[in-house]
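Chemist: Be aware that the sequence shown starts at 0, since it is given in numbering that gives the first Met the number 0, and climbs by one per residue. Next up is a structure, given as structure tokens.
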Amino acid sequence: METPELLERLAIEKLQAAAKPFEAVWKWVEVHLSVDYGAFRSFGRVYPQTVNRRAKLTHLGGL
Numbered sequence: 000m001e002t003p004e005l006l007e008r009l010a011i012e013k014l015q016a017a018a019k020p021f022e023a024v025w026k027w028v029e030v031h032l033s034v035d036y037g038a039f040r041s042f043g044r045v046y047p048q049t050v051n052r053r054a055k056l057t058h059l060g061g062l
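Quick look at the structure:
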């Protein structure tokens, strides 16, 4: 490969174009060519809730 910088720039541009529609809906959008899995760990995990649990939380939030 003679110009890895060009390939990287083109890949970033393509990712940015793909992310563009999400910018209107999400508060922030970032594109990267590699993933920092350590950063993902800081977000924690969200577990699915049952319908009854969701209704109870909604009720408690309305008090």
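The beta carbon of each residue, even a glycine, is placed where N, CA and C say it ideally should be.
Check each candidate in 40, 57, 43 and name the one with the smallest Cα separation from residue 49.
Modeler: Position 50 of the sequence shown, counting from 1, holds the residue named residue 49. The shortest Cα separation from residue 49 among 40, 57, 43 belongs to 57.
Chemist: What span of residues does the alpha helix (DSSP H) with residue 13 cover, start to end?
Modeler: Position 14 of the sequence shown, counted from the start, is the residue given in the question as residue 13. Per DSSP, residue 13 belongs to the alpha helix (DSSP H) from 3–18.
Chemist: Suppose the cutoff is 8 Å on Cβ atoms and the five residues either side in sequence are ignored; what does the same chain contact list for residue 15 look like?
Modeler: Numbered from its first residue, the sequence shown carries residue 15 at position 16. Contacts found: 30.
Chemist: Suppose you measure from the CA of residue 55 to the CA of residue 25; what does that come to, to the nearest Å?
Modeler: Numbered from 1 along the sequence shown, position 56 holds the residue referred to as residue 55. Numbered from 1 along the sequence shown, position 26 holds the residue referred to as residue 25. Looking at the two C-alpha atoms, the distance is approximately 27 Å.
Chemist: Where do the N-terminal and C-terminal ends of the alpha helix (DSSP H) with residue 39 fall, by residue?
Modeler: Counted from its first residue, the sequence shown places residue 39 at position 40. Segment 36–40, the alpha helix (DSSP H) holding residue 39.
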